[in-house]
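All residue numbers for the sequence shown refer to this note's numbering, where the first residue is 46 and numbers rise by one.
What follows is a short report on a single structure.
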Amino acid sequence: MDFNDKVVLITGGSRGLGRAMSRGFAEAGAKVIVASRKLEACESLVNEIRAAGGEAVAIAAHTGDIESLDHLVEASYQAFGRVDILVNNAGINVAMGALSDLTPAQYDKMYEVNQRGPWYLASRLAPKMAEHGGGCVINMLSVAGVKPPAYMGFYAATKAAMQAMTKVMAQEWAPMGIRVNALAPGTYHSDLTDGAIAAIPGFEEGALSQQLIKRIAEPEEILNPIFYLASESFTTGITLVADGGMTTL
Ligand SMILES: NC(=O)c1ccc[n+]([C@@H]2O[C@H](COP(=O)([O-])OP(=O)(O)OC[C@H]3O[C@@H](n4cnc5c(N)ncnc54)[C@H](OP(=O)(O)O)[C@@H]3O)[C@@H](O)[C@H]2O)c1
Numbered sequence: 046m047d048f049n050d051k052v053v054l055i056t057g058g059s060r061g062l063g064r065a066m067s068r069g070f071a072e073a074g075a076k077v078i079v080a081s082r083k084l085e086a087c088e089s090l091v092n093e094i095r096a097a098g099g100e101a102v103a104i105a106a107h108t109g110d111i112e113s114l115d116h117l118v119e120a121s122y123q124a125f126g127r128v129d130i131l132v133n134n135a136g137i138n139v140a141m142g143a144l145s146d147l148t149p150a151q152y153d154k155m156y157e158v159n160q161r162g163p164w165y166l167a168s169r170l171a172p173k174m175a176e177h178g179g180g181c182v183i184n185m186l187s188v189a190g191v192k193p194p195a196y197m198g199f200y201a202a203t204k205a206a207m208q209a210m211t212k213v214m215a216q217e218w219a220p221m222g223i224r225v226n227a228l229a230p231g232t233y234h235s236d237l238t239d240g241a242i243a244a245i246p247g248f249e250e251g252a253l254s255q256q257l258i259k260r261i262a263e264p265e266e267i268l269n270p271i272f273y274l275a276s277e278s279f280t281t282g283i284t285l286v287a288d289g290g291m292t293t294l
């Protein structure tokens, strides 16, 4: 894959799938903007990328905070003068449990980070991308948004909302030369997944029992699907599922 001269902004770029993507895009020649709440974690990864000969900058940003996202846009343009590819990757799942036990505060938190932030960031960047002839937005969903499981109601709902939003963005921004797609991963090793495996008895067995491919994927396995969506030229508005066959069953 060759992303030379492309600027890629990855929210939640410091850990998990975001880390794999930050490294992967940098190795493929892109200039990478690594954004997450903790600047130190972003800087540490940026140092690794630079040591390997890549180009990257670290910017602190909280996707649940509108002012922080405005700063992210401004600082990204100060760093590289453009953004060609936005990966709306930062996401949380802090509200596991029965719907009757969940609270309005948990609902607001989940929507602010998983849905409002990705909408806002992409919406601020799209007109700027258009000024440079277009671009590409990839929204990270989850199989939970496509095949919603019990006790993950808010997570599933925020991801399903982003699937709808992806289709709306694709329609509104195609005339501006911007393709918008979604990627729905199944179960990949990351802090999010490994935390759930450690905290919830039977989580791993439960996930594997629902997959055709009986293993949890490595974070680097996200690169082929993300590179496909970032590089091809005639696909927009789709959700690409990479889930070991979970949604087939
Ligand atoms: N791993 C999987 O199996 C899997 C499956 C389906 C979908 N996904 C989706 O893939 C994306 C990445 O998941 P992951 O498993 O890699 O997660 P992860 O290991 O928990 O990493 C999350 C990343 O997002 C950042 N982050 C968290 N909250 C943030 C916020 N409010 N603002 C900005 N950055 C924030 C974290 O850094 P800081 O702490 O520094 O902010 C970190 O870099 C998420 O959207 C998730 O829903 C993952």
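We put the beta carbon where it would ideally sit given N, CA and C, even for glycine.
Regarding residue i and ligand 1, is the C-beta to nearest heavy atom distance less than 7 Å?
| i | result |
| --- | --- |
| Tyr-122 | no |
| Met-185 | yes |
| Val-225 | no |
| Lys-192 | no |
| Val-213 | no |
| Asn-134 | yes |
| Tyr-233 | yes |
| Asp-153 | no |
| Phe-81 | Note that residue 81 is Ser in the sequence shown here, rather than Phe. Result yes, Cβ under 7 Å from ligand 1. |
| Leu-253 | no |
| Val-230 | The question names Val, yet the displayed sequence has Pro at residue 230. Checking every heavy atom of ligand 1 against the Cβ of Pro-230, one is found closer than 7 Å. |
| Thr-293 | no |
| Gly-109 | yes |
| Arg-60 | yes |
| Asp-236 | yes |
| Thr-148 | no |
| Ala-103 | no |
| Ile-130 | no |
| Ala-106 | yes |
| Ala-205 | no |
| Gly-198 | no |
| Val-286 | no |
| Ile-137 | yes |
Does the beta-carbon distance from residue i to residue j come in below 8 Å?
| i | j | result |
| --- | --- | --- |
| Ala-124 | Ile-78 | yes |
| Ala-140 | Met-155 | yes |
| Val-182 | Asp-129 | no |
| Ile-94 | Ala-71 | yes |
| Met-207 | Asn-138 | no |
| Ala-105 | Arg-82 | yes |
| Thr-41 | Arg-224 | In this structure the chain extends from 46 to 294, so residue 41 is not present and cannot be described. |
| Thr-211 | Asn-184 | yes |
| Tyr-165 | Leu-114 | yes |
| Pro-264 | Arg-127 | no |
| Gly-290 | Ala-262 | no |
| Ala-209 | Ala-201 | no |
| Leu-26 | Ala-80 | Coverage of the chain is limited to positions 46 through 294, which leaves residue 26 absent and any answer about it impossible. |
| Leu-228 | Leu-257 | no |
| Gly-222 | Ala-287 | no |
| Val-91 | Ala-103 | yes |
| Gln-108 | Gly-178 | Position check: residue 108 holds Thr in this sequence, whereas Gln was assumed. No, the Cβ-Cβ distance between Thr-108 and Gly-178 is not below 8 Å. |
| Pro-193 | Ala-205 | yes |
| Glu-87 | Gly-58 | At residue 87 the sequence reads Cys, which differs from the Glu that was named. Cβ atoms of Cys-87 and Gly-58: closer than 8 Å. |
My output table needs one value for residue i: the three-state DSSP class, helix, strand or coil.
| i | result |
| --- | --- |
| Val-286 | strand |
| Asn-92 | helix |
| Ser-276 | helix |
| Asn-226 | strand |
| Tyr-133 | Sequence check: residue 133 is Asn here, not Tyr. Here Asn-133 sits in strand by DSSP. |
| Ala-80 | strand |
| Met-46 | coil |
| Gly-247 | coil |
| Val-128 | coil |
| Glu-263 | coil |
| Gly-57 | coil |
| Ala-103 | strand |
| Gly-180 | strand |
| Leu-294 | coil |
So what does residue i bridge to, in DSSP terms?
| i | result |
| --- | --- |
| Gly-142 | Met-197 |
| Ile-258 | Ile-258 is not bridged to any residue. |
| Val-307 | Nothing about residue 307 can be reported from this structure: the residues present for the chain run from 46 to 294 only. |
| Met-185 | Leu-228 |
| Tyr-233 | Ala-262 |
Return yes when at least one heavy atom of ligand 3 lies under 7 Å from the C-beta of residue i, else no.
| i | result |
| --- | --- |
| Leu-114 | The model depicted lacks ligand 3 and carries ligand 1 instead. |
Practice prompt. Count the C-beta pairs between the region 237-251 and the region 213-220 that are closer than 8 Å, then say yes if the count reaches three, no if not.
Written response: no
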